[in-house]
Amino acid sequence: MHYIRLLRPPTVDTSNPSDPVLSVLLTITTDLGDSFLYPDNPIVLVFWFPVDNHQKASLRNGPVLEPLDSGRPVMWEAGMRVLNLKFHFPKKALDCKASLKISALERDQQIVSLSESRYLLPWRVKDDGRQSQGLIADLTIEFDSGVFSASVRKLACQYKPHELHSVTIAIEEDIGESIARHIWDAGLVTSALLADACRMIRKELRIWDFLPLDKHDPNVLEIGCGVGILGITIASIIHMAAAQQGVALTHPTILLTDLPEAEERARSNISRSSQYTYSKMDIDYEKLDWEDGRNSRFGPLVKSKYWDFIVLSDCTYNVDAFPSLVGTLTALHSLNVRNTDPGTENNITTKVLLSTKPRHDSELALFELLEADGWTYQLKKSIPLPKLDGEDEVVEDWSFTGSERDLRRQALGLISDYADGIRLRAALVLAGLMPEENMATDLNVPERQRPTLRAADFFHFLVIHFGVFFCVAGLVVVDRMQHPASNHSSLPILGGAVAAAAYLVPAWFAAEHQQEPCLGEAKFDAIPWFFVGFHLELFSCGWNWCADRLGAYLTSLGQRRVFVGMRYKDMSAVPFFPLFAGFLVNGEDGA
């Protein structure tokens with residue numbers, strides 16, 4: 032599939048007021064801009080100029096513009112990389128809003144111009160009795176009083192030719208050769224798929240397979256939204272999707288998120304979409320960097336909701352971002368757990384819809400990371416793309432599900448072969464990897480047999496078997512201790528976790544404190560955890576906060592915990608710790 036794109040803003044030369052001249056520089060390329068259209072036969076381009084003003088009746092239907100230097104149609108031929116064109120600009124359009132629509136001329140029964148969503152779906156093309164050999168997405172250039180204002184793609188989402196009650200998607204794009212802030216294949220095709228599925232029930236295509244709705248006020252979060260086509264499409268069709276499932280929506284929420292540089296274009300498209308969406312809906316934008324997301328640093332809008340669906344499209348082309356992406360999804364699932372009524376915590380599931388166009392085999396690493404984090408996934412639909420040249424391509428729609436039980440069991444599986452599994456699972460409760468009150472239910476262990484939770488259990492396991500899990504311990508502590516305003520990066524925290532744990536919890540110390548559990552008790556010594564957390568803050572340069580927090584934290588430990596006696600025999604860190612802590616506190620007071 033290919034796209035007509037502008038390489039620079041069109042200009043109107045009015046040096047001769049009686050004959051304004053429009054200059055347009057365009058290309059036809061793939062979504063990533065990595066190859067130009069190379070057709071077997073020339074493609075004819077049509078330039079249609081409708082005017083959006085009821086007083087300009089003579090221009091309302093739009094004249095077809097022809098190049099100044101030739102009366103011949105404009106053609107794109109094999110080997111071309113750019114077209115530099117000049118047209119007569121209608122003089123009557125200099126004082127009103129107007130638009131120039133550029134499209135490919137269809138030939139015979141082969142679909143070439145993409146103006147309706149049904150052309151993207153093989154089953155709709157078959158219903159029309161046509162043969163699709165490729166698509167070129169139309170482009171609309173908007174002018175206001177002869178000045179370029181926006182480059183827009185408009186797509187009528189309908190399942191019958193000439194249908195009047197169609198959903199129209201209008202998305203602004205950037206101009207130029209950059210791949211950022213453009214519509215890409217997967218988002219476009221999935222938008223067409225969802226619009227088609229919610230308007231007509233087919234055995235092989237049911238909207239509840241992709242967007243199941245059972246609430247009157249669902250919340251949908253799009254991450255990596257780019258120009259926002261998928262989230263805005265869902266906003267446009269969610270009421271129809273709910274009606275197909277017998278649900279009357281009251282006030283759904285759609286939130287688009289991405290990096291700061293995407294905000295201007297995304298907000299512009301949200302504003303533009305308001306004329307096509309229902310009024311009883313909240314649709315907004317918030318910044319979200321996946322590096323922040325994986326560390327559970329979310330904005331107020333993201334943190335305020337339980338997200339029934341998380342959607343994303345065209346986000347798998349950069350394999351280096353996979354750890355951050357998966358970490359963000361897992362953190363969002365944890366957020367859902369926290370934002371749910373306490374009585375339903377055991378049944379929490381987070382649903383994710385991923386739309387992607389596979390480009391290389393390395394993208395399969397995403398599924399390995401998801402599985403390692405406890406997610407389950409299923410391919411819902413694979414849609415072949417029509418092509419004019421090049422290799423066969425498909426768009427795949429995947430469903431991911433993260434449940435509280437699945438993610439807990441994934442953590443438990445790491446120690447499934449250990450001889451004393453129940454005791455170490457109890458240590459995972461201490462580490463925060465499994466809620467204490469759910470342990471007996473998940474493991475079929477009677478509550479009276481639940482062992483004592485002792486810090487040494489967990490540390491002994493880490494030291495002897497999986498030293499790398501010191502990182503997990505340290506990060507859990509930081510998640511519980513770190514000041515909300517802290518901007519520490521994850522790298523020094525990770526390094527600090529390894530260094531602090533290796534220094535403070537040697538193997539012989541953990542082994543010395545191994546004790547048999549006392550049934551019915553839930554006592555543990557939190558001092559080693561404080562050592563790790565405190566030193567993590569020091570390694571990540573949180574000096575001032577450590578000094579201020581020290582006294583309050585020790586006091587809270589005394590209030591909340593019943594300490595088990597521990598002999599800190601031959602442990603050099605113990606006498607060193609109060610001296611060093613006192614130095615920090617005194618130094619802070621002196622300052």
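Residues 32 to 622 (this note's numbering) make up the sequence shown, in order. Note that beta-carbon positions come from the ideal geometry of N, C-alpha and C, so glycine has one too. Quick caveat, the model's predicted, so the values are computed rather than measured.
What are the start and end residues of the alpha helix (DSSP H) that includes Leu224? Asp216 to Ala228
Cβ atoms of Val368 and Asp216: under 8 Å apart, would you say? no
Quick check: what's the CA-CA separation for Thr171 versus Ile202? 10 Å
Less than 8 Å between the CB atoms is what I'm expecting for Thr60 and Leu53, so what's the real figure, rounded? Their Cβ separation, rounded to whole angstroms, is 22 Å, which puts Thr60 and Leu53 out of contact at 8 Å.
Going along the chain, which residues of its own chain have a beta-carbon closer than 7 Å to the beta-carbon of Leu400, five neighbours each way excluded? Phe353, Pro354 and Val357
Which of helix, strand or coil does DSSP assign to Gly452? Here the model assigns Gly452 a pLDDT of 42, short of 50, so the residue's position is not dependable, and the following value carries that caveat. DSSP, read as helix, strand or coil, puts Gly452 in helix.
Cβ shell of Leu186 (< 6 Å), same chain only, five flanking positions each side left out: Ser148 and Ile200.
Which first and last residues belong to the alpha helix (DSSP H) in which Gly262 is found? Ile260 to Gln275
By alpha-carbon positions, which one of Ala168, Gly177, Ser66 and Gly110 ends up nearest to Ser46? Taking each of Ala168, Gly177, Ser66 and Gly110 in turn and checking the Cα distance to Ser46, the smallest one comes out for Gly177.
Leaving aside the five residues before and after Trp406 along the sequence, list all residues of the same chain whose C-beta is less than 6 Å from its C-beta, in chain order. Excluding positions up to five away in sequence, the list reads Phe431 and Gly433.
If you draw a straight line from the alpha carbon of Met312 to that of Glu294, how long is it in whole angstroms? If you take the alpha carbons of Met312 and Glu294, they lie about 20 Å apart.
Among Arg112, Asp392, Lys117 and Tyr408, nearest to Leu99 - alpha-carbon criterion: Taking only the C-alpha atoms, the option nearest Leu99 is Lys117.
Could you tell me which residues DSSP pairs with Arg212 in its beta bridges? Its beta-bridge partners do not exist; DSSP assigns none.
Quick check on Ser54: does DSSP put it in helix, strand or coil? strand
May I ask you to list the residues that DSSP assigns as paired with His33? For His33, the beta-bridge partners assigned by DSSP are Ile167.
My understanding is that Val220 touches Asp339, with C-beta atoms under 8 Å, so please give their C-beta distance in whole angstroms. Between Asp339 and Val220 the Cβ distance is about 23 Å, and since that is not below 8 Å, they are no contact.
Could you tell me whether the Cβ atoms of Arg212 and Gly257 are closer together than 8 Å? Yes, they are a contact pair.
Residues bridged to Asp315 [DSSP beta-bridge criterion]: According to DSSP, Asp315 bridges with Leu286.
Between the Cα of Asp684 and those of Leu395, Leu385 and Pro41, spot the shortest distance and give me the residue it belongs to. Residue 684 cannot be examined here, being either before or after the span of the chain that is shown, 32 to 622.
Leu343 versus Asp50 - alpha carbon distance: In a straight line, the C-alpha of Leu343 is about 47 Å away from that of Asp50.
Do you know whose CA, among Trp79, Val113 and Thr371, lies nearest Arg39's CA? Val113
Between which residues of its own chain and Gly259 is the CB-CB distance below 6 Å, once the five residues before and five after are set aside? Leu287, Ala297 and Asn300
Check each candidate in Glu208, Gly262 and Leu416 and name the one with the smallest Cα separation from Val156. Leu416
Take Arg230 as the anchor and find which of Phe241, Gln275 and Asp126 has the nearest alpha-carbon. Gln275
In angstroms with no decimal places, state the Cα-to-Cα distance between Ile285 and Gly110. 43 Å
What is the DSSP secondary structure of Glu240, counted as helix, strand or coil? According to the sequence shown, residue 240 is Asp rather than Glu. Helix, per DSSP.
Span of the alpha helix (DSSP H) holding Lys157? Pro153 to Asp158
Can you check which of these residues, Asp44, Ile210, His247 and Thr371, is closest to Tyr640 by C-alpha distance? Past the edges of the chain, shown from 32 to 622, lies residue 640, and the structure says nothing about it.
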